[in-house]
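Q: Per the working numbering, the sequence shown runs over residues 355 to 630. Don't be surprised by glycine CBs; every beta carbon is placed ideally from N, CA and C. Just so we're clear, the structure is a prediction, and the values are computed from it rather than from any experiment. The following block contains the structure, expressed as structure tokens.
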Amino acid sequence: MIWLELDIMRRAVLGCVLTGILTGLMGVFVVRMRISAIGYSMSHGAFAGAALGVATSMNPLVTAMLFASITAFLIGPIADKARLHADTVTSIIFPLNMALAFVFLTLTPEIGLTSQVASVLWGSIISMTNNDVVYMVTLCAATLVIIHFVWKELFAIMFNRKLAEADGINTRAFVYLVIFLSGVVITFSIKLVGGLLIYALLFNPASSTLQFLEDMRKVIVVSPLLGVGTNLSGLLVSLFLDLPVGSCIVLVSTLVFAVSVLVSPKRRRKIENERR
């Protein structure tokens, strides 16, 4: 029994570490490229897909990936083709995904807050399997390799998108890449905090780090580390207080963000400049 508990905890810790790295990393690009609204809509697209998987007894991971990909396709290329602003499309898709998610959950064979439904809503880190860990390790390695090869282009876009376009960079393609990778990361992270809270993991670590650092090379390292730290801290809090893991992780992450804003050097400089 002890060995079983240790095995569950090992997978939970690995899940926290890997999810922290992935969401902390992708969150930097989402925040700096100012596509936070897109990331928000993507997270709920994955949520709707996972809910469909539960309702149809399919693999929630597969259906979540499908919905996240469809959402990315609708927000990016179709918005450009239709000459609509991404925020306009996001404003339509977000409530649509939420409505679909709750319709799918209502259609589950056993109506009510079953373990599968609760897992989609709030996450279930203790239900992570060895295969889940392998998938996340693979995704983490692949994401790091991709970022390594396109770092110069992404850095230029984050610095100034118009200047990047003037230098001949196809900024639209790289923004689409970030949107797609974010969707994949969100999909694989749902087990940690659930579909309703997953966006906090994408936004909070990067936003907290950007309160202190300007150098993007440092931000890209510190943000994933902060994501890992808040995830593990949330896991410890949940074990100590016997509360849901996902909720505790988001509470810790939000508290860190709130404190970072209060003590932020950027905020102090801004206040001083306004007083002048």
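Rounded C-beta distance between I533 and I446? I'm assuming under 8 Å.
A: About 16 Å separates the two Cβ atoms, so there is no contact after all.
Q: Would you identify the three-state DSSP class for F566, choosing helix, strand or coil?
A: Of the three classes helix, strand and coil, the one that applies to F566 here is coil, per DSSP.
Q: If you count every other CB in all the chains shown that lies within 10 Å of the CB of P578, and 16 or more means buried, which is it?
A: Buried is the call here.
Q: Tell me the residue span of the alpha helix (DSSP H) that contains V617.
A: Run containing V617: none; DSSP gives neither H nor E here.
Q: Near L428, which residues of its chain fall below 8 Å by C-beta distance, leaving aside the five closest residues on each side in sequence?
A: Hits under 8 Å: V443, I447.
Q: Rounded to a whole number of angstroms, what is the C-alpha to C-alpha distance between V538 and E519?
A: C-alpha separation (whole angstroms): 26 Å.
Q: Could you check the C-alpha separation between I465 and R623 for me, to the nearest Å?
A: Per-residue confidence for I465 stands at a pLDDT of 48, beneath the threshold of 50, marking its modelled position as unreliable; no derived number is given.
Q: Work out the CA separation of V382 and V342 for me, nearest whole Å.
A: Coverage of the chain is limited to positions 355 through 630, which leaves residue 342 absent and any answer about it impossible.
Q: In the DSSP assignment, find the unbroken alpha helix (DSSP H) run with T492 in it and report its ends.
A: Element bounds for T492: 484–513.
Q: Leaving aside the five residues before and after M412 along the sequence, list all residues of the same chain whose C-beta is less than 8 Å from its C-beta, in chain order.
A: Hits under 8 Å: L406.
Q: Evaluate the contact criterion for the region 607–617 versus the region 553–565: three or more CB pairs, one atom per stretch, below 8 Å.
A: Yes, the region 607–617 is in contact with the region 553–565.
Q: Mind checking which residues open and close the alpha helix (DSSP H) that includes I424?
A: Its alpha helix (DSSP H) spans residues 414–427.
Q: How many angstroms separate the CA atom of L467 from the CA atom of T410?
A: Caution applies to L467, whose pLDDT of 48 falls short of 50 and renders its modelled position unreliable; the value that the coordinates give is listed next. Those two C-alpha atoms are separated by around 16 Å.
Q: Look at the alpha carbon of S562 and the alpha carbon of M380, and state the distance between them as a whole number of angstroms.
A: Taking the straight line joining both Cα atoms gives about 14 Å.
Q: For L376, count the other beta carbons within 10 Å of its own beta carbon; 16 or more makes it buried, fewer makes it exposed. Which is it?
A: L376 comes out buried.
Q: Determine, using beta carbons only, whether M419 and T541 come nearer to each other than 7 Å.
A: Yes; because the gap between Cβ atoms is below 7 Å, this pair is in contact.
Q: Quick check on H502: buried or exposed, where buried means 16 or more other Cβ atoms within 10 Å of its Cβ?
A: By the neighbour-count rule (16 or more Cβ atoms within 10 Å), H502 is not buried but exposed.
Q: Would the beta-carbon of I552 fall within 7 Å of that of S397?
A: Result yes, Cβ atoms of I552 and S397 sit closer than 7 Å.
Q: Quick check on this structure: which residue in V615, I362, V488, V384 has the alpha carbon closest to the alpha carbon of F528?
A: Taking only the C-alpha atoms, the option nearest F528 is V384.
Q: Which of helix, strand or coil does DSSP assign to L450?
A: Looking at L450 - three-state DSSP - the assignment turns out to be helix.
Q: Count the C-beta pairs between the region 588–601 and the region 477–484 that are closer than 8 Å, then say yes if the count reaches three, no if not.
A: As far as the Cβ criterion goes, the region 588–601 touches the region 477–484, which means the pair count is three or higher.
Q: Using C-beta distances below 8 Å, list every residue in its chain close to K545, excluding the 5 sequence neighbours before and after it, in chain order.
A: G369, S473, G477, S478, I479, S481, M482, D486.
Q: Compare the C-beta of L517 against all C-beta atoms of chain D and say whether one is closer than 7 Å.
A: In summary, chain D is missing from the structure at hand, where a single protein chain is found.
Q: Are the Cβ atoms of M490 and L372 separated by less than 7 Å?
A: Yes, Cβ-Cβ distance for M490 and L372 is below 7 Å.
Q: Would you tell me roughly how many angstroms separate the C-alpha atoms of L586 and L517, rounded to the nearest one?
A: Roughly 39 Å separates the two Cα atoms.
Q: Would you grab the beta carbon distance between A455 and A402 for me? Rounded to a whole angstrom, and I think it's under 8 Å.
A: So it is a contact: roughly 4 Å between Cβ atoms.
Q: Drop a sphere of 10 angstroms on the beta-carbon of L459, count the other beta-carbons inside from all chains shown, and report buried for 16 or more, exposed for fewer.
A: Per the 10 Å Cβ criterion, buried.
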